[in-house]
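Novice:
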Amino acid sequence: MLQQASLHFSLPASPDPLQHYKDTLFLTQVMQAQCVKMQTEFYLRSRSEIREGKGHTMGALYWQLNDIWQGPSWSSIEYGGKWKMLHYFAQNFFAPILPVALEDEEILLIYAVSDLQKDVSLSILIKVYQWNSMEPVYVFASNSTEVQAGSATLVYKEPVKELLGRCGNCTRRSCLVTFHLEESGGQFGPANYHFLSSPKQAEGLQKPKLSATVEQQGGQYTVNLQTNAIAPFVWLDAGDISGRFETNGFLMLTKNMTVTFYPWIPTSTSQLAKSLQLTSLMSLS
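For the sequence shown, counting from 1, position 280 maps to 280 in UniProt numbering; every step adds exactly one.
#1: In the DSSP assignment, find the unbroken alpha helix (DSSP H) run with Arg-166 in it and report its ends.
#2: Touch check for the region 123-131 and the region 173-182: three-plus C-beta pairs under 8 Å?
#3: Counting only the same chain and skipping the five closest in sequence on each side, list residues whose C-beta sits under 6 Å from that of Phe-89.
#4: Can you tell which of Pro-199, Gly-243, Thr-254 and Val-100 has the C-alpha that lies nearest to the C-alpha of Leu-281?
#5: Using a Cβ-Cβ distance cut-off of 9 Å, determine whether Val-259 contacts chain D.
#6: Would you call the region 210-219 and the region 146-158 touching, i.e. three or more CB-CB distances under 8 Å?
#7: Roughly how many angstroms lie between the CA atoms of Val-128 and Gly-53, to the nearest whole one?
#8: Which residue comes first and which comes last in the alpha helix (DSSP H) that contains Pro-17?
#9: Is the region 90-103 touching the region 183-195, taking contact as three or more C-beta pairs under 8 Å?
#10: Using the beta-carbon count (16 or more within 10 Å), is Gly-218 buried or exposed?
#11: Less than 6 Å between C-beta atoms, sequence neighbours within five positions excluded: which residues of the same chain meet that for Trp-264?
#12: Quick one: is Glu-41 buried, meaning 16 or more other Cβ sit within 10 Å of its Cβ, or exposed?
#13: Less than 7 Å between C-beta atoms, sequence neighbours within five positions excluded: which residues of the same chain meet that for Gln-130?
#14: Taking only runs of the alpha helix (DSSP H) that begin and end inside the region 46-117, which ones reach a length of at least 4 residues, in chain order?
#15: Return the first residue and the last residue of the beta strand (DSSP E) that Ser-211 is part of.
#16: Would you check if the distance between the CB atom of Asn-248 and the CB atom of Met-31 is smaller than 9 Å?
#17: DSSP on Gln-148, reduced to helix/strand/coil?
#18: Between the alpha carbons of Ala-112 and Asp-16, how many angstroms are there, rounded?
#19: Would you kindly work out how many angstroms separate the C-alpha atoms of Ile-107 and Lys-82, rounded to a whole number?
#20: Please report how far the alpha carbon of Ser-114 lies from the alpha carbon of Gly-59, in whole angstroms.
#21: Count the other C-beta atoms from every protein chain shown that fall within 10 angstroms of the C-beta of Ser-46, then say buried if there are 16 or more, exposed otherwise.
#22: Tell me which residues share the same chain as Leu-102 and place their Cβ nearer than 6 Å to its Cβ, disregarding the 5 neighbours each side in the sequence.
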């Protein structure tokens with residue numbers, strides 16, 4: 001696991017054994033989630049084409065969903081019901097409609113993958129960010145494309161070099177691409193991202209100052225997040241308070257963001273605020 005993680009991420013280097021262990025756990029969760037995400041998205045966007053004899057992949061399964069006893073495993077749900085990062089990723093990559101990107105010979109391709117039972121007319125909104133800024137350096141909105149039911153439809157195609165040429169001083173290492181589908185001016189389905197280089201090669205990526213406040217909304221809790229820099233793989237952990245978050249392991253691109261927490265046991269605002277721990281990729285020692 002560490003050898004694979006080292007291909008794309010800087011390994012933990014904390015001299016404190018406990019912190020090193022925690023950082024390693026976090027990084028392996030990131031690696032597993034990213035690997036399964038990329039592989040599943042490859043299968044999904046291949047459903048409507050054949051390349052070099054491969055394609056028309058009409059489904060995807062991953063191993064494994066849950067555990068029947070306590071212990072370390074590759075399941076996406078722990079024995080006690082807690083969602084690992086992979087499971088939060090799965091609720092996005094198995095969404096009814098999803099934009100998926102890949103590169104083929106230096107050309108960026110984005111597909112709209114639809115499990116819907118009807119055709120929809122959608123556009124793609126693309127934003128390019130520099131790792132050191134929360135303001136996009138380039139925004140592009142396409143014309144609408146008819147996305148057929150149960151298919152993967154190409155909605156964007158452009159050489160990466162030409163895209164970066166419109167983004168000022170952007171390079172593969174200093175910038176990243178985010179995108180989502182839109183219908184009638186509003187976001188349709190989850191957003192997605194495409195790294196132009198491995199995160200460990202990213203230039204300008206800063207250590208963010210992450211903070212949070214908690215508010216109760218009926219039987220749920222709103223976690224108000226703040227950051228001063230782009231934060232990859234933000235992970236919220238409620239400690240011993242059983243429950244799940246609305247989203248987790250996400251790429252935080254805005255200074256403020258709200259995430260709902262759904263507790264499975266009675267708790268309070270003060271208890272959740274005390275137990276809540278925030279981690280991101282740049283938090284690792």
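Ideal Cβ positions, reconstructed from N, Cα and C, are used throughout, including at glycine. From a predicted model like this one, the values you see are computed outputs, not experimental measurements.
Specialist: Walking through what the data contain:
#1: It is not in any alpha helix (DSSP H) - Arg-166 carries neither H nor E in the DSSP assignment.
#2: The region 123-131, when compared against the region 173-182, does touch it at the 8 Å Cβ threshold.
#3: Ala-33 and Lys-37
#4: Pro-199
#5: No chain D is present in this structure, which holds just one protein chain.
#6: With a cut-off of 8 Å, the region 146-158 and the region 210-219 do not count as touching, because too few Cβ pairs lie within range.
#7: 33 Å
#8: 17-45
#9: yes
#10: Its Cβ having fewer than 16 others within 10 Å, Gly-218 is exposed.
#11: Ser-242 and Gly-243
#12: buried
#13: Val-137, Cys-170, Ser-174, Cys-175 and Gly-204
#14: 85-93
#15: Segment 211-217, the beta strand (DSSP E) holding Ser-211.
#16: It is not a contact, given that the beta carbons lie outside the stated cut-off.
#17: Residue state for Gln-148 is assigned as coil, using DSSP reduced to three classes.
#18: 45 Å
#19: 39 Å
#20: For Ser-114 and Gly-59, the distance between alpha carbons rounds to 12 Å.
#21: Ser-46 comes out buried.
#22: Leu-109
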